[in-house]
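A.B. asks: I'd like to ask you about the structure that follows.
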Amino acid sequence: MSDQNQNQPEIHGVVAYYDDVDGVMNASRKIRDAGYKKWDAYTPFPVHGIDEAMGTKPTILPWIVLGMGLTGLVVGLSLQYFTNAVDYVFLISGKPDWSLPANIPVTFEIIILFSAYTAFFGMLALNKFPHLSNPLHKLERFKRVTNDRFAICVEAADANFDRARVEKLLGVGAEHIETCPTDTTRAALPIWFHGVAAILTCASFIPLAVAFKGRFATSEKPRYHVWPDMDWQRKRKTQTAWEGFPDGRAMRLPVAGTVAEGELRDDFELYFGVAQGSEVPDKIRYDVAKFGADAGAERPEWLAAFPAAVNVDEAFLERGRQRYTIYCSVCHGKQGNGMGAVAVRANALDAAQWGWVPPKSLLSENAKAYSNGELFHVASNGISTMAGYSGQVTAKDRWAIVAYVRAIQATQGLDQTEAPRDADYKPVPTIESVRVSDSSAAGQ
Numbered sequence: 000m001s002d003q004n005q006n007q008p009e010i011h012g013v014v015a016y017y018d019d020v021d022g023v024m025n026a027s028r029k030i031r032d033a034g035y036k037k038w039d040a041y042t043p044f045p046v047h048g049i050d051e052a053m054g055t056k057p058t059i060l061p062w063i064v065l066g067m068g069l070t071g072l073v074v075g076l077s078l079q080y081f082t083n084a085v086d087y088v089f090l091i092s093g094k095p096d097w098s099l100p101a102n103i104p105v106t107f108e109i110i111i112l113f114s115a116y117t118a119f120f121g122m123l124a125l126n127k128f129p130h131l132s133n134p135l136h137k138l139e140r141f142k143r144v145t146n147d148r149f150a151i152c153v154e155a156a157d158a159n160f161d162r163a164r165v166e167k168l169l170g171v172g173a174e175h176i177e178t179c180p181t182d183t184t185r186a187a188l189p190i191w192f193h194g195v196a197a198i199l200t201c202a203s204f205i206p207l208a209v210a211f212k213g214r215f216a217t218s219e220k221p222r223y224h225v226w227p228d229m230d231w232q233r234k235r236k237t238q239t240a241w242e243g244f245p246d247g248r249a250m251r252l253p254v255a256g257t258v259a260e261g262e263l264r265d266d267f268e269l270y271f272g273v274a275q276g277s278e279v280p281d282k283i284r285y286d287v288a289k290f291g292a293d294a295g296a297e298r299p300e301w302l303a304a305f306p307a308a309v310n311v312d313e314a315f316l317e318r319g320r321q322r323y324t325i326y327c328s329v330c331h332g333k334q335g336n337g338m339g340a341v342a343v344r345a346n347a348l349d350a351a352q353w354g355w356v357p358p359k360s361l362l363s364e365n366a367k368a369y370s371n372g373e374l375f376h377v378a379s380n381g382i383s384t385m386a387g388y389s390g391q392v393t394a395k396d397r398w399a400i401v402a403y404v405r406a407i408q409a410t411q412g413l414d415q416t417e418a419p420r421d422a423d424y425k426p427v428p429t430i431e432s433v434r435v436s437d438s439s440a441a442g443q
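As numbered in numbering that gives the first Met the number 0, residues 0 to 443 make up the sequence shown, in order.
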């Protein structure tokens, strides 16, 4: 027997068993009022109100979890701020180095991580787990506590413990009372356990050593594949040979009648803004990249007028105004002068110091020199820092936007002396202004 077990009292405590909830509740109140601290009640199912009957104080675990959650909040925001605004800054068209909304998802996940680990390990610590041995488990009657019996155990380690007094308090309504002897099992770990623990501890450093070797050393051999099934998957890649099919090819032919994406766009004027029958480079046909990015790139015959598939009338112009207001005005402004809400905000923040590229004015001579086809291409595929809108706006709606842009370009040059004396007055684009602009472009 170890020295620790020799210093323990003869009995672990006094245990009383009850047939019903009322019995264990009444006994719990008596033990609570008597001032005992080291005791507990055992029930086969949760009993509402037993915490109050035992005088159990609310756990501090929620406050600990709250504290660690707030710690996760600070850690998450600080780490992202240091990474994005201090250590590795990205300058993207005037956008701030760091903004709160973009960092909320990662911060939320770190809060959950900190809180979950704290709740799990905090529960174990506050309940003094893991506790692999309990003297009560050696009592035959105590086994029924998980089935149909209720029990209370007052430990002999309590400062106020008096066996006779405890038995008297627990005796009212009890089915049976017995003493629980102290667990005399040897507390020290087996000798072999120390050897196994030492071996496993040393073995746990092997993966770390391999990782450091691969990180800081050179080798003539290929890297070690931890998950070979991820690197060499049971599949066949396109344009490779394989004897699994009679023709010896891994790639299968398309099903009869299959049409590739974009192949039905035979109307070059409507879908690409180029004259019908002209040579269309692949980079424009498939809307992959912005035309003219490469020096000496082939220039298509841009459409000067509007395609025959669209009917330029008042309804078409109104549709263009709606689409322009939704997709374009936020940057280029409702008047097309490049002073939309985004530009106004950027100027107020002096965003030029961050690399801000202001939106182009659609009223500039350079923009007016664009043919209708070129304007359509820019609206479709973008230019400079502007993204393309072919995935959001249909081809006909993009042509409607072009029509509206031509209208505001034409009305921008009207004689203002004929207008009412209102500083905010701007000529309203009309179908006639579009036709004038259209014929002018055709003449060019």
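From the three backbone atoms N, C-alpha and C, an ideal C-beta is built for every residue, glycine too.
#1: Going by C-alpha distance, which of Asp86, Gly247, Asn133, Asn25 is nearest Phe149?
#2: Could you check if Tyr323 is buried or exposed, using at least 16 other CB atoms within 10 Å of its CB as the buried criterion?
#3: Would you kindly check if the distance between the Cβ of Ile109 and the Cβ of Gly66 is under 7 angstroms?
#4: How big is the Cα-Cα spacing for Glu174 and Lys56?
#5: List the DSSP bridge partners of Arg248.
#6: Confirm, please, whether the CB-CB distance from Val144 to Gly12 is below 7 angstroms.
#7: If the criterion is Cβ atoms closer than 7 angstroms, does the pair Gly54 and Asn159 meet it?
#8: Apply the 10 Å Cβ neighbour rule to Arg420 and answer buried if 16 or more other Cβ atoms are within range, or exposed otherwise.
#9: Sort Val309, Ile63, Asp19 by Cα distance to Pro45 and report the nearest one.
#10: Can you give me the C-alpha to C-alpha distance between Gly354 and Ile91, rounded to a whole angstrom?
#11: The alpha helix (DSSP H) spanning His130 covers which residue range?
#12: Do you know offhand how far Asp266's Cα is from Met385's?
#13: On the CB-based measure, 16 or more other CB atoms within 10 Å of its CB, does Leu199 come out buried or exposed?
#14: Taking the alpha-carbon positions, what's the Asn83 to Gly71 distance?
#15: Between the alpha carbons of Val311 and Val401, how many angstroms are there, rounded?
#16: Excluding sequence positions up to five away, which residues of its chain have a Cβ less than 7 angstroms from the Cβ of Thr239?
#17: Secondary structure at His11, three-state DSSP: helix, strand or coil?
#18: Can you check which of these residues, Glu313, Trp301, Ala347, Val195, is closest to Leu269 by C-alpha distance?
#19: From the DSSP output, in three-state form, read off Ala386 for me.
#20: What does DSSP give as the partner residues of Glu174 in its beta bridges?
#21: Assuming the contact rule is C-beta atoms closer than 8 angstroms, Pro448 and His376 should be a hit. Round their C-beta distance to whole Å, please.
#22: Considering only residues of the same chain and omitting the five flanking positions on each side of Pro129, which have a CB-CB separation below 8 angstroms?
#23: Which class does Gly34 belong to by DSSP, given the choice of helix, strand or coil?
#24: Based on the DSSP secondary-structure assignment, which residues constitute the bridge partners of Asp349?
#25: Relative to the C-alpha of Met338, which candidate in Arg318, Leu348, Ser360, Arg320 has its C-alpha closest?
#26: Where do the ends of the beta strand (DSSP E) carrying Ala150 lie?
#27: Return yes when the Cβ of Tyr41 is within less than 7 angstroms of the Cβ of Arg140, no when it is not.
#28: Please state if the CB of Gly372 and the CB of Val309 are separated by a distance shorter than 7 angstroms.
#29: Kindly indicate the opening and closing residues of the alpha helix (DSSP H) around Pro227.
#30: I need the straight-line Cα distance from His136 to Asp50, nearest angstrom please.
#31: Does the beta-carbon distance from Leu362 to Asn346 come in below 7 angstroms?
#32: Which residue wins for smallest C-alpha separation from Gly247, given the options Glu219, Arg235, Asp32?
#33: Considering just the uninterrupted stretch of the alpha helix (DSSP H) at Pro61, what are its terminal residues?
#34: From the DSSP output, read off the bridge partner residues of Ala40.
#35: What's the gap between the Cα of Ser114 and the Cα of Ala378?
#36: For my contact list, Ala406 and Leu316 are in at a C-beta cut-off of 8 angstroms; report their separation, rounded to the angstrom.
C.D. replies: According to the structure shown:
#1: To locate residue 149, count along the sequence shown from 1; it is residue 150. Answer by Cα proximity: Asn25.
#2: Taking the sequence shown and counting its residues from 1, one reaches residue 323 at position 324. That one is buried.
#3: Stepping through the sequence shown from its first residue, residue 66 is reached at position 67. Stepping through the sequence shown from its first residue, residue 109 is reached at position 110. No; because the gap between Cβ atoms is not below 7 angstroms, this pair is not in contact.
#4: The residue labelled residue 174 in the question sits at position 175 within the sequence shown. The residue labelled residue 56 in the question sits at position 57 within the sequence shown. Straight-line Cα distance between these residues: approximately 28 angstroms.
#5: Position 249 of the sequence shown, counting from 1, holds the residue named residue 248. DSSP, once it has assigned bridges, lists Ala240 as partnering Arg248.
#6: Start at 1 with the first residue of the sequence shown, and residue 12 comes out as number 13. Start at 1 with the first residue of the sequence shown, and residue 144 comes out as number 145. No, Cβ-Cβ distance for Gly12 and Val144 is not below 7 angstroms.
#7: Here residue 54 refers to the residue found at position 55 of the sequence shown. Here residue 159 refers to the residue found at position 160 of the sequence shown. Result no, Cβ atoms of Gly54 and Asn159 do not sit closer than 7 angstroms.
#8: Here residue 420 refers to the residue found at position 421 when the sequence shown is read from its first residue. With a pLDDT of only 40 at Arg420, under the threshold of 50, the placement of this residue in the model should not be trusted, and no figure is reported.
#9: Within the sequence shown, the letter at position 46 stands for residue 45. Out of Val309, Ile63, Asp19, Asp19 has the C-alpha closest to the C-alpha of Pro45.
#10: Here residue 354 corresponds to residue number 355 of the sequence shown, with the count starting at 1. Here residue 91 corresponds to residue number 92 of the sequence shown, with the count starting at 1. Approximately 7 angstroms between the Cα atoms of the pair.
#11: Here the question's residue 130 lines up with position 131 in the sequence shown. That residue, His130, is in no alpha helix (DSSP H); it is neither H nor E in DSSP.
#12: In the sequence shown, counting from the first residue as 1, residue 266 sits at position 267. In the sequence shown, counting from the first residue as 1, residue 385 sits at position 386. Using only the alpha carbons, I get a separation of about 26 angstroms.
#13: Position 200 of the sequence shown, counted from the first residue, corresponds to residue 199. It counts as exposed.
#14: Here residue 83 corresponds to residue number 84 of the sequence shown, with the count starting at 1. Here residue 71 corresponds to residue number 72 of the sequence shown, with the count starting at 1. Asn83 and Gly71: Cα-Cα distance of roughly 18 angstroms.
#15: In the sequence shown, residue 311 corresponds to position 312, counting from 1. In the sequence shown, residue 401 corresponds to position 402, counting from 1. Val311 and Val401: Cα-Cα distance of roughly 11 angstroms.
#16: Mapped onto the sequence shown, residue 239 falls at position 240. Excluding residues within five positions, the ones whose Cβ falls inside 7 angstroms are Ala249.
#17: Translated into positions along the sequence shown, residue 11 becomes position 12. It is a strand residue.
#18: Stepping through the sequence shown from its first residue, residue 269 is reached at position 270. Of the listed residues, the one whose Cα sits closest to Leu269 is Trp301.
#19: Sequence index remark: in the sequence shown, residue 386 carries index 387 (1-based). In the structure shown, Ala386 sits in a strand (DSSP, three-state: E or B).
#20: Taking the sequence shown and counting its residues from 1, the one referred to as residue 174 is at position 175. The partner list for Glu174 (beta bridge, DSSP) is empty, contrary to what the question assumes.
#21: In the structure as shown, the chain begins at 0 and stops at 443. Residue 448 is therefore absent and cannot be evaluated.
#22: Numbered from 1 along the sequence shown, position 130 holds the residue referred to as residue 129. Leu123.
#23: In the sequence shown, residue 34 corresponds to position 35, counting from 1. Residue state, collapsed to three classes: coil.
#24: Locating residue 349 in the sequence shown gives position 350, counting from the first residue. Asp349 is not bridged to any residue.
#25: For the purposes of this step, residue 338 is taken as residue 339 along the sequence shown, with counting starting at 1. Considering only alpha carbons, the answer is Ser360.
#26: Against the sequence shown, residue 150 aligns to sequence position 151. Its beta strand (DSSP E) spans residues 149-154.
#27: If you number the sequence shown from 1, residue 140 lands on position 141. If you number the sequence shown from 1, residue 41 lands on position 42. Contact: no.
#28: By one-based count along the sequence shown, residue 309 stands at place 310. By one-based count along the sequence shown, residue 372 stands at place 373. Not closer than 7 angstroms, so no.
#29: Here residue 227 corresponds to residue number 228 of the sequence shown, with the count starting at 1. Its alpha helix (DSSP H) spans residues 227-230.
#30: The sequence position of residue 136 within the sequence shown is 137, counting from 1. The sequence position of residue 50 within the sequence shown is 51, counting from 1. Spanning the two alpha carbons is a distance of roughly 23 angstroms.
#31: Translated into positions along the sequence shown, residue 362 becomes position 363. Translated into positions along the sequence shown, residue 346 becomes position 347. No, these two residues do not count as a Cβ contact at 7 angstroms.
#32: Position 248 of the sequence shown, counted from the first residue, corresponds to residue 247. Of Glu219, Arg235, Asp32, the residue nearest in Cα terms is Arg235.
#33: On the sequence shown, residue 61 is found 62 positions in, with the first residue counted as 1. That run of the alpha helix (DSSP H) goes 60-80.
#34: For the purposes of this step, residue 40 is taken as the residue at position 41 of the sequence shown. Partner(s): Ile151.
#35: As a first step, residue 114 must be located in the sequence shown, where it is residue number 115. As a first step, residue 378 must be located in the sequence shown, where it is residue number 379. In a straight line, the C-alpha of Ser114 is about 48 angstroms away from that of Ala378.
#36: Position 407 of the sequence shown, counting from 1, holds the residue named residue 406. Position 317 of the sequence shown, counting from 1, holds the residue named residue 316. The Cβ separation is near 6 angstroms, so the contact holds.
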